[in-house]
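Beneath this line is the structure, given in structure tokens, with notes to follow.
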Amino acid sequence: MDIKEYELLEKARIERNLEYMEAGVNFIDVRTAYIDEGVKIGAGTTIYPCVAIEGNVEIGKNCTIGQNSRIKDSVIGDGTSVQSSVIIESSVGSETSVGPFAYLRPNSHVGNKCKVGDFVEIKNSKLGDGAKASHLTYVGDSDVGERVNLGCGVVFVNYDGSKKHRSVVEDDAFIGCNVNLVSPVHVGRNAYVAAGSTITNDVPDGALYVARAKGKSLEGWVEKKGILKK
Numbered sequence: 001m002d003i004k005e006y007e008l009l010e011k012a013r014i015e016r017n018l019e020y021m022e023a024g025v026n027f028i029d030v031r032t033a034y035i036d037e038g039v040k041i042g043a044g045t046t047i048y049p050c051v052a053i054e055g056n057v058e059i060g061k062n063c064t065i066g067q068n069s070r071i072k073d074s075v076i077g078d079g080t081s082v083q084s085s086v087i088i089e090s091s092v093g094s095e096t097s098v099g100p101f102a103y104l105r106p107n108s109h110v111g112n113k114c115k116v117g118d119f120v121e122i123k124n125s126k127l128g129d130g131a132k133a134s135h136l137t138y139v140g141d142s143d144v145g146e147r148v149n150l151g152c153g154v155v156f157v158n159y160d161g162s163k164k165h166r167s168v169v170e171d172d173a174f175i176g177c178n179v180n181l182v183s184p185v186h187v188g189r190n191a192y193v194a195a196g197s198t199i200t201n202d203v204p205d206g207a208l209y210v211a212r213a214k215g216k217s218l219e220g221w222v223e224k225k226g227i228l229k230k
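The sequence shown: position 12 = 12 (full-length UniProt numbering), numbered continuously.
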């Protein structure tokens, strides 16, 4: 590409952004948003700098697409916020919060009024309406119901080295921090999983699942080892 071709493409890109502005889309900096032709964006949505929107994308009304976000071949509902995140071949409902630094890989479907927080990765999975994964969580090849809470550090262990397996977490379940769900497992409705547990068996509705080694303190161990700090 020579300079003239580049200049023509840049002119067309900015003109396209100005057309979105005329239709009610807000830009923090119209020069730094990269939006493919044919993308649909609802009125009242705000696009921050360094955003890339590619392919077949539909974004609803009154959304916020934060700085450094990338959205490709995906659908975003009304009133949803995407902050510094990547969404590819997926869908996000209305009034949902994504990011910062979240990654929705292909075939991820997040419902309405959900929270997908910082450093959360979702792949080939579903989060029902009102579900929350606030931080540091991986959801792979799984179906998570409505109003489920996934604590910090939850991992769906979906790969056994040769095959991918799928897990299900039913509505209103609570998954504590640092839990591993070794797929395939089924967590029932209203079930609780204690923090630090590794799930290898199904959890019935309304049950509490605890899987921890019994801890103990060795009194005076540091001094005996000669590593006591002065």
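We treat Cβ as the ideally placed atom computed from N, Cα and C, and that holds for glycine. All values reported here derive from a predicted model rather than from experimental measurement.
Linking glutamate 58 to glycine 38 through their CA atoms gives a straight-line distance of about 9 Å.
In terms of Cα proximity to serine 69, the closest of Thr80, Cys63, Val51 is Val51. Annotated as distal: phenylalanine 156 and histidine 135, with beta-carbon spacing of 8 Å or more. With a beta-carbon spacing of about 13 Å, glycine 77 and threonine 64 fall beyond the 8 Å limit used to define contacts. DSSP lists Tyr103, Tyr138 as the beta-bridge partner residues of glutamate 121. Boundaries of the alpha helix (DSSP H) around isoleucine 14: 3-22.
Tyrosine 159 and valine 169 have their alpha carbons spaced roughly 17 Å apart. For lysine 126, the closest C-alpha among the options Arg166, Asn190, Tyr209 is that of Arg166.
Per DSSP, reduced to three states, the secondary structure at threonine 64 is strand.
With a 10 Å radius around the Cβ and a threshold of 16 neighbouring Cβ atoms, asparagine 201 comes out exposed. Taking C-beta atoms as the reference points, glutamate 54 and aspartate 29 fail to come closer than 8 Å. The beta carbon of glycine 140 is closer than 6 Å to those of Lys123, Phe156, Asn158 in its chain, skipping five residues each way along the sequence.
Looking at the DSSP output, glutamate 58 shares a beta bridge with Lys40, Val75. In the DSSP assignment, valine 222 falls within the alpha helix (DSSP H) that extends over 221-225. Between valine 25 and aspartate 205, the alpha-carbon positions lie close to 46 Å from each other.
Ranking Pro100, Ser81, Ile88, Leu104 by CA distance to the CA of serine 94 puts Ser81 first.
Sixteen is the threshold: since fewer than 16 other Cβ atoms of the shown chains lie within 10 Å of the Cβ of glycine 220, the residue is exposed.
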